[in-house]
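First the structure, in the form of structure tokens, and then the observations on it.
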Amino acid sequence: MSPSSKISVDTEPPHNSEKDVGGARNGVEFGPAERARLLRKLDWHLLPLVTLLFLLSFLDRANVGNAKIAGMSTDLNLVGFRYNIAAAVFFIPYSLAEVPSNIALKFFRPSRWIPIIMVAWGSVTTLMCLVNTYEGLVAARIFLGLTEAGLFPGVTYYISLWYPRAERSTRIAVFYSAATVAGAFGGVLA
Numbered sequence: 001m002s003p004s005s006k007i008s009v010d011t012e013p014p015h016n017s018e019k020d021v022g023g024a025r026n027g028v029e030f031g032p033a034e035r036a037r038l039l040r041k042l043d044w045h046l047l048p049l050v051t052l053l054f055l056l057s058f059l060d061r062a063n064v065g066n067a068k069i070a071g072m073s074t075d076l077n078l079v080g081f082r083y084n085i086a087a088a089v090f091f092i093p094y095s096l097a098e099v100p101s102n103i104a105l106k107f108f109r110p111s112r113w114i115p116i117i118m119v120a121w122g123s124v125t126t127l128m129c130l131v132n133t134y135e136g137l138v139a140a141r142i143f144l145g146l147t148e149a150g151l152f153p154g155v156t157y158y159i160s161l162w163y164p165r166a167e168r169s170t171r172i173a174v175f176y177s178a179a180t181v182a183g184a185f186g187g188v189l190a
């Protein structure tokens, strides 16, 4: 799915003083009813998928705490600060890879880059079942941070491509609310 360059629902004035035919930015002008219908259609096709991806990402991120309770500490001999290091090491590559991921997003297009990082994230998550040492857990958490880094900023950018400025904040709030839902139900699903 990628936004069409021929249709615009932006209510913002163009950056230059020239207007297209008919007074619209890209040649298509919508009335209030058509605009609302288009936004509703975008809401039903775009938001559920990206919100589900973020929900699953947050569930996976917090799952290491549930695994500790389920016996991971004894299985992997996580004594002292080993568990804390394994839990915290995720955020180092996560924070360092966000900007390069956004650069790649612009280079590859969101319709390609977001699925690429989601397949990579799913692969890393699936392969974490093979971890049987502390070092393996740390390496898996590093790769998990690398693959998850581009999701939130990438989807935020993706939403900004589809929605006009006045509508973006509500859609980003719906998308971000998946983190709260994941926190509420993460323990139940463990």
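Residue numbers are given in UniProt numbering: position 30 of the sequence shown equals residue 30, and the series is strictly consecutive. The beta carbon of each residue, even a glycine, is placed where N, CA and C say it ideally should be.
Check                                                                                           : Outcome
Beta-carbon spacing of Arg141, Val89 below 9 Å                                                  : yes
C-alpha distance - Pro93 paired with Leu38, whole-angstrom precision                            : 38 Å
Cβ-based neighbour list, Ala184, same chain, cut-off 6 Å, excluding 5 preceding and 5 following : none
Cβ-based neighbour list, Ala104, same chain, cut-off 8 Å, excluding 5 preceding and 5 following : Trp113, Gly150
Whole-angstrom distance between Glu34 and Phe58, CA atom to CA atom                             : 35 Å
Delimiting residues of the alpha helix (DSSP H) encompassing Arg109                             : Taken as a continuous stretch (DSSP letters only), Arg109 belongs to no alpha helix (DSSP H), as it is neither H nor E.
Distance cut-off 8 Å: Ile92 Cβ against heavy atoms of the ligand NAD                            : Because no ligand of any kind appears in the structure shown, any question about the ligand NAD cannot be addressed here.
Contact under 9 Å by Cβ, Ile85 with Val138                                                      : yes
At least 3 beta-carbon pairs within less than 8 Å: the segment 64–75 vs the segment 109–124     : no
Proximity to Ser73 [Cα-Cα], best of Tyr134, Leu161, Val99                                       : Tyr134
Span separating the alpha-carbon of Asp60 from that of Phe175                                   : 17 Å
Of the residues Leu56, Gly71, Ile159, the one placed nearest Leu42, counting alpha carbons only : Ile159
Whole-angstrom distance between Gly71 and Arg82, CA atom to CA atom                             : 14 Å
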